[in-house]
Amino acid sequence: MTYSKQADFGTPASGSDLPVTLTIDGQSVTVPAGSTVMRAAAEIGTSIPKLCATDNLKQFGSCRLCLVEVDGMRGTPASCTTPVAEGMVVHTQTPQLQKLRKGVMELYISDHPLDCLTCSANGDCELQEQAGAVGLREVRYGYEGGNHLGLPKDSSNPYFDFDPSKCIVCSRCVRACDEVQGTFALTIESRGFGSKVSAGTPLDDFISSECVSCGACVQACPTATLQEKAVAEIGTPDRAVVTTCAYCGVGCSFRAEMRGEQLVRMVPWKDGKANHGHSCVKGRFAWGYAQHQDRILKPMIRKSIKEPWREVEWDEAISYAASELKRIQAKYGPRSTGGITSSRCTNEETFLVQKLVRAGFGNNNVDTCARVCHSPTGYGLKTTFGTSAGTQDFDSVEDADIILIIGANPTDGHPVFASRMKQRLREGAKLIVIDPRRIDLVRSPHVEAAHHLPLRPGTNVAVLTAMAHVIVTEGLADEQFIRERCDWDEYQDWAAFVSDPKRSPEATEPLTKVPATELREAARLYATGGNGAIYYGLGVTEHSQGSSTVMAIANLAMATGNIGRRGVGVNPLRGQNNVQGACDMGSFPHELSGYRHIGDAGTRALFEEDWGVTLDAEPGLRIPNMLDAAVDGAFKAIYIQGEDILQSDPNTKHVAAGLEAMECVIVHDLFLNETANYAHIFLPGSTFLEKNGTFTNAERRIQLVRKVMSPMNGYEDWEITQLLAQALGLGWNYYHPAEIMDEIARLTPTFDGVNFDRLDREGSLQWPVNDAAPDGSPIMHVDGFVRGKGKFVVTDYVPTDEKTGPRFPLLLTTGRILSHYNVGAQTRRTANTAWHPEDRLEIHPVDAEDRGIAEGSWVRLSSRSGETTLRVLITDRVAPGVVYTTFHHPETQANVVTTEFSDWATNCPEYKVTAVQVSPSNGPTDWQEGYEELSERSRRIIHTEAAE
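According to our numbering, the residues represented by the sequence shown are 16 to 963, in order.
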């Protein structure tokens with residue numbers, strides 16, 4: 016793709032269905048009512064000069080460049096604020112308009128540096144373009160007198176500079192921060208000639224302000240006032256490729272703007288159906304890890320984890336890996352090996368890994384990171400609705416009247432969707448937050464929750480059941496919906512269960528710590544406030560009752576009729592870019608692609624015929640079972656693609672023991688991650704920038720990932736898996752991921768209508784895509800549930816086995832922060848560490864004072880499983896008795912303190928409830944010191960050159 020700017024129509028599209036016909040410069044054009052004259056002109060290719068207007072912001076009318084003449088109308092109105100009218104006759108270029116525009120442009124240029132040839136925006140500057148468009152050839156005004164030239168540049172942000180001397184005060188950056196991002200971090204300070212853009216207070220710079228570095232202001236800026244540092248260093252791009260972000264489950268579309276093979280910048284794609292041209296700090300700026308010096312680019316092997324790594328050629332590494340797998344299976348049996356697929360890799364790569372395990376290893380010992388995050392979503396929604404995925408597209412939130420967020424922190428974990436959510440809340444939707452912490456959405460600029468239910472960690476089921484109690488006992492259930500769409504007998508059983516007085520808000524308040532009055536009001540609001548949409552995250556699933564909580568959420572939605580149309584639904588906010596896809600592709604040990612059980616003979620026969628092998632009918636081991644079996648001596652080899660289980664999985668010591676007990680650990684990744692400390696073979700992986708394929712986001716949207724540069728390691732990840740399969744004797748000969756997707760579609764009914772050509776043409780598709788839904792399915796369960804009748808499930812509250820007591824009186828819960836992603840392997844190798852250089856422990860002032868702990872001091876965090884040290888952040892975001900930390904930094908290894916308690920149905924770990932004690936500390940724990948020594952020893956490399 017050659018380089019060209021994304022089309023800008025000046026003002027947003029109108030949503031009206033009514034047509035209006037007008038004439039612009041003698042040309043007839045029909046546009047929707049409510050369109051502006053500027054937009055109508057752009058639709059027929061007529062470009063009206065503009066500076067303050069851009070089509071992702073509301074019309075503003077301040078720059079006075081876009082003046083037009085309209086027959087029968089006095090003066091020269093601004094085309095960006097003038098709506099079209101039937102029969103209107105517009106002139107965009109006349110001698111009078113030319114004179115007026117030149118005069119306006121002269122004023123801009125008279126207070127602007129004339130360094131165009133050396134400016135980083137040369138050739139990519141709207142001011143420069145518009146000066147040419149209006150025919151400006153000289154400036155009559157000199158530079159004497161007051162001006163804004165020579166003002167100091169703000170370079171505090173690691174990704175972009177703010178040069179106020181080049182600012183034309185068009186307010187586009189301020190409006191983008193307000194309208195698109197919803198942070199309201201920027202403002203126009205002072206008035207008249209003294210007007211200037213300010214980030215926060217006069218004492219703030221960009222890094223110290225409330226700016227979240229989403230890049231919306233940079234994208235909106237028409238000059239070099241806000242400019243990426245990479246553009247200044249590398250130069251303007253000469254080509255662009257549209258691809259999909261590899262961070263969270265929102266699945267933002269970006270233009271990777273390149274200069275040769277060098278990435279200059281990632282610009283959010285306006286036509287992206289998940290993000291609509293918006294981005295966050297990670298997707299927009301945190302791509303530097305792809306070329307970080309820590310990347311391993313050559314395969315490495317070693318016979319013992321005590322030995323240094325030895326660089327080898329690909330042939331030797333693949334041959335050694337295959338021979339070790341064969342040796343181990345010959346000695347210990349076919350079920351002694353297994354694999355873990357990656358939620359960061361593409362659908363095609365994930366599909367091949369599970370195929371390799373089933374067809375090559377001859378067993379079903381395959382699992383994925385969803386085991387430790389959203390496996391309860393799969394179980395709970397399949398049980399109640401019939402399919403293991405969310406019900407809505409992201410656009411659906413625009414029609415929500417009530418938004419209920421439980422166990423999620425969208426502004427940090429899914430910031431682009433959070434901005435959409437905040438837009439709807441500012442328009443009048445009501446918000447209910449159920450979370451132990453006071454997340455940002457509880458109270459932020461122009462957004463405040465109607466109800467915040469700060470429940471005690473581990474009591475989700477009790478809170479949701481108490482809400483159901485209110486809805487049923489007060490007659491707020493939607494009986495018509497229930498009778499038509501759900502199993503009425505099961506509903507009656509469930510209604511009788513939740514109506515029991517012992518499940519009332521008053522009866523459960525001592526347990527949940529949620530005031531009964533507040534809970535009752537929240538339940539009434541959700542049931543009666545109009546369209547009610549539920550969004551949830553890992554604060555729901557990562558509990559011993561994770562599956563029960565998902566089903567309790569589904570019960571609430573069915574009981575109130577909030578399923579099957581826009582503005583409602585049950586929506587899991589997926590954590591990783593392709594965790595939905597990894598599940599869809601058959602990464603669980605009991606399911607093939609499309610969530611069909613391996614024990615079903617008909618399904619198995621379909622795959623056996625296509626693959627030419629006999630499949631094991633017995634479900635394989637889950638990740639925790641693999642580790643247990645390894646400690647017991649029965650599980651001996653594992654192939655791990657793009658997953659760092661030593662840092663991400665609970666009870667780090669047990670994970671380490673399991674890995675150490677294996678005879679062959681194959682890690683396929685970008686960096687020597689923590690799991691690689693125990694690996695014998697390292698296969699260097701490729702980044703999302705270096706591969707073709709597809710990701711599936713949280714709304715079931717399948718989107719193309721396009722290669723923008725050659726793989727630095729020599730291969731795309733699917734090719735590496737294929738090399739291993741070929742070495743094991745499998746006759747795979749794929750030439751492109753499109754062929755793998757064709758196989759997926761052939762074997763998976765929900766993907767039946769998906770192929771690369773169609774994705775390239777249409778941009779994206781939301782499964783199911785088949786004969787019943789040829790155009791895809793933005794909204795699920797519209798006319799009926801996939802399973803037939805919706806199933807109400809009785810979800811009794813069962814307290815976790817993880818108890819507080821005198822030794823461990825506090826409850827630890829964990830989560831993410833905006834600037835980092837998952838275990839931080841990628842974001843820690845970018846400038847995002849400027850915002851979060853270490854994990855911190857949040858603790859309430861009362862608990863800190865009781866322990867003699869001061870702000871920023873080091874503390875020891877200990878549990879029954881282990882202990883670590885980190886610094887504290889004293890805050891009332893958490894309630895007394897609750898502490899919170901992130902898990903992005905391996906120096907902390909927060910999961911050394913988490914336990915092996917897990918969800919009863921899926922083994923999803925209970926990260927969100929760990930009984931702990933916090934005490935002052937003056938240094939790292941013995942375990943931390945020992946682990947640091949192990950890591951240093953394990954990462955020694957004998958380079959090929961040195962060996963020669």
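C-beta atoms are modelled at their ideal positions from N, C-alpha and C, and glycine is treated no differently. Keep in mind the model is a prediction, meaning the values are calculated, not measured.
Which of helix, strand or coil DSSP assigns to residue i
{"i": "Arg581", "result": "coil"}
{"i": "Cys232", "result": "helix"}
{"i": "Trp873", "result": "strand"}
{"i": "Glu951", "result": "helix"}
{"i": "Thr884", "result": "strand"}
{"i": "Tyr13", "result": "Outside the displayed span of the chain (16 to 963) sits residue 13, for which this structure offers no information."}
{"i": "Lys445", "result": "strand"}
{"i": "Glu363", "result": "helix"}
{"i": "Ser459", "result": "strand"}
{"i": "Met641", "result": "helix"}
{"i": "Phe221", "result": "coil"}
{"i": "Asn712", "result": "coil"}
{"i": "Glu853", "result": "coil"}
{"i": "His467", "result": "strand"}
{"i": "Asp664", "result": "coil"}
{"i": "Asp757", "result": "helix"}
{"i": "Leu687", "result": "coil"}
{"i": "Ala961", "result": "Only weak support is given to the placement of Ala961: the predicted model assigns it a pLDDT of 47, under 50, and the question is left unresolved by the model."}
{"i": "Gly673", "result": "helix"}
Terminal residues of the beta strand (DSSP E) in which residue i lies
{"i": "Pro568", "result": "Note that residue 568 is Ile in the sequence shown, not Pro. Ile568 -> not in any beta strand (DSSP E); alpha helix (DSSP H) instead, spanning 561 to 574."}
{"i": "Lys211", "result": "211 to 214"}
{"i": "Asp382", "result": "381 to 383"}
{"i": "Gly395", "result": "Note, Gly395: premise wrong, no beta strand (DSSP E); alpha helix (DSSP H) at 390 to 399."}
{"i": "Ser519", "result": "It is not in any beta strand (DSSP E) - Ser519 carries neither H nor E in the DSSP assignment."}
{"i": "Tyr966", "result": "Because residue 966 is not part of the residues shown, which for the chain are 16 to 963, the question remains open."}
{"i": "Gln932", "result": "929 to 935"}
Buried versus exposed, by CB contacts within 10 Å (16 or more), residue i
{"i": "His835", "result": "buried"}
{"i": "Pro783", "result": "buried"}
{"i": "Glu963", "result": "At Glu963, the pLDDT of 43 sits below 50, so the modelled position is not reliable; the number obtained from the coordinates is stated separately. The residue is exposed, with fewer than 16 neighbouring Cβ atoms inside 10 Å."}
{"i": "Asn937", "result": "exposed"}
{"i": "Tyr123", "result": "buried"}
{"i": "Thr26", "result": "buried"}
{"i": "Ile203", "result": "exposed"}
{"i": "Phe177", "result": "buried"}
{"i": "Asp732", "result": "buried"}
{"i": "Phe902", "result": "buried"}
{"i": "Val893", "result": "buried"}
Element boundaries [alpha helix (DSSP H), containing residue i]
{"i": "Gly298", "result": "296 to 300"}
{"i": "Met436", "result": "430 to 441"}
{"i": "Ile655", "result": "From DSSP, Ile655 is part of no alpha helix (DSSP H) but of the beta strand (DSSP E) over 652 to 656."}
{"i": "Arg773", "result": "771 to 777"}
{"i": "Trp509", "result": "503 to 513"}
{"i": "Thr356", "result": "Unbroken run through Thr356 is the beta strand (DSSP E), 352 to 356; no alpha helix (DSSP H)."}
{"i": "Glu533", "result": "531 to 543"}
Which residues DSSP lists as bridging residue i, in chain order
{"i": "Glu243", "result": "Phe175"}
{"i": "Thr202", "result": "Ser213"}
{"i": "Cys679", "result": "Ala652"}
{"i": "Pro34", "result": "Pro47"}
{"i": "Glu272", "result": "Ala255, Arg280"}
{"i": "Phe697", "result": "Met315, Val682"}
{"i": "Asp615", "result": "Answer is none; Asp615 lacks a bridge partner."}
CB contact check: residue i to chain B, cutoff 8 Å
{"i": "Ala385", "result": "The chain labelled as chain B is not found in the depicted structure, where only one protein chain is given."}
Worksheet item: Quick check: the stretch 392 to 402 against the stretch 800 to 809, are there 3 or more CB pairs under 8 Å?
Response: Result yes; three or more Cβ-Cβ pairs closer than 8 Å.
Worksheet item: Does the stretch 774 to 789 come within contact of the stretch 430 to 439, defined as at least 3 CB pairs closer than 8 Å?
Response: no
Discussion item. When you compare the stretch 642 to 661 with the stretch 289 to 305, are there three or more beta-carbon pairs, one atom per stretch, that lie closer than 8 Å?
Written reply: no
Worksheet item: Using 8 Å as the Cβ pair cut-off and three pairs as the minimum, do the stretch 493 to 500 and the stretch 790 to 807 touch?
Response: yes
Discussion item. Below 8 Å, how does it come out for the stretch 311 to 318 and the stretch 606 to 624: are there three or more Cβ pairs, yes or no?
Written reply: The stretch 311 to 318 makes no contact with the stretch 606 to 624: fewer than 3 CB pairs, one atom from each, lie closer than 8 Å.
Discussion item. Would you call the stretch 830 to 848 in contact with the stretch 535 to 543, where contact means no fewer than 3 C-beta pairs closer than 8 Å?
Written reply: no
Practice prompt. May I ask you to verify whether the stretch 334 to 343 touches the stretch 707 to 714, counting CB pairs closer than 8 Å and requiring at least 3?
Written response: no
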